[in-house]
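Working notes, beginning with the structure itself.
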Ligand code: SF4
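Numbering (this note's numbering), first residue to last: -12 to 344.
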């Protein structure tokens, strides 16, 4: 079955961008734009009106006024209403993502989000204050996370803390556990009838995340993670994965295609109207085309028929060939299997487009 069968498509439009430039961000550091609601409606109309060679359109559509930071614009309420009007019924959902930046600056935001309703909201840490400000590339990000957590709890939303562990933050993990207990997050979420979740996320080595490879932890680093943290993490340390050299033992013989995919078929439209499939980093080798210069028909056919170089490789290349070319047989750094394939795809793409791997 063709995975991109046009029964449903989400369209994420980067109307305002993001206040952060996080070091792990798989979406990279694209330019912040300033699209109007008219621009957003024009883009939506192009997707709604598109038909294929047989005259069939896209079954259902979901339109989102953000791609990176949700609700970054002051008119976020109007944009939410507009998303609902433009989208097929029930298709413009929230994904438990809110703007932490806005939560810390706009007291009315959490109560508004709670009424949508929103039950939990993910907040990202890289350790304690110095490490989190470093990881978010914004001074004050850690304090914003704490204030956002307070405002979420007050509005009846459970904060869910995601922690990225790098070589830089290993020394501060006991303090991180203490912080969770000092804030009584478990107890306060329980009093809302919800569960407090904290988990150790794996860093996807694409977009900005590729430049974090030098601080990716190895098995020796993982042994330094305190038991008190592992015991309260949702998946323990499972998401950290295994050393590259161990994963290579099977991946070197795996003939299947890379097969990167997304939970929800969708495309993103950048501030420059470049359109990317939402299955991997928005890099040149994944680019479907430009909405202004190539037009909607060319880029939707590129999506459907998988003609962008990255999509072709994703479908017709093999894990084995990527492993042979980019695998490090002595690699000790920890990867989830899919993240390792993602790194190889990044290396392949950079080489394909003549960049430095
Ligand atoms: S991870 Fe989220 S908040 Fe950070 S730069 Fe990317 S889109 Fe913005």
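Glycine included, each C-beta is placed from N, C-alpha and C at the ideal position. Quantities reported herein were computed from a predicted structural model and do not represent experimental measurements.
- In this structure, the ligand SF4 has a non-hydrogen atom nearer than 6 Å to the beta-carbon of residue 5.
- Per DSSP, the beta-bridge partners of residue 112 are 150.
- Excluding five sequence positions before and after residue 83, the CB atoms of its chain that fall closer than 8 Å to its own CB belong to 105, 106, 107, 108, 109, 147, given in chain order.
- Around the beta carbon of residue 119, a 10 Å sphere encloses 16 or more other beta carbons of the protein chains shown; the residue is thus reported as buried.
- For residue 261, the beta-bridge partners assigned by DSSP are 277.
- Straight-line measurement puts the Cα of residue 17 at about 28 Å from the Cα of residue 320.
- For residue 2, there is no enclosing beta strand (DSSP E), as DSSP marks it with neither H nor E.
- For residue 18, DSSP assigns no beta-bridge partner whatsoever.
- The way I'd put it, the region 229 to 244 doesn't touch the region 50 to 58; fewer than three beta-carbon pairs between them come closer than 8 Å.
- In the structure shown, the three-state DSSP call for residue 330 is helix.
- The shortest C-alpha to C-alpha distance from residue -5 to any of 68, 75, 9 is the one to 75.
- Around the beta carbon of residue 193, 16 or more other beta carbons sit within 10 angstroms, so the residue counts as buried.
- Per DSSP, residue 184 is one residue of the beta strand (DSSP E) stretching across 184 to 188.
- The three-state reading of DSSP puts residue 32 in helix, counting H, G and I together.
- Rounded to the nearest whole angstrom, the C-alpha separation of residue 306 and residue 333 is 13 Å.
- As for any beta strand (DSSP E) of minimum length 3 sitting wholly inside the region 227 to 256, the runs are 253 to 256, ordered along the chain.
- By the Cβ test, the region 170 to 179 is not in contact with the region 111 to 131, since fewer than three Cβ pairs between them sit closer than 8 Å.
- When Cβ pairs closer than 8 Å are counted between the two stretches, the region 179 to 188 is seen not to touch the region 201 to 211, the count staying below three.
- The beta carbon of residue 329 sits no closer than 6 Å to any heavy atom of the ligand SF4.
- Annotated as proximal: residue 289 and residue 276, with beta-carbon spacing under 7 Å.
- The shortest CA-to-CA distance from residue 282 to any of 59, 103, 36 is the one to 36.
- Residue 111 sits buried, since 16 or more C-beta atoms from the chains shown fall within 10 Å of its C-beta.
- In this structure, DSSP gives residue 222 a state outside helix and strand, which the three-state scheme calls coil.
- In terms of side-chain proximity, the C-beta atom of residue 55 is found nearer than 6 Å to a non-hydrogen atom of the ligand SF4.
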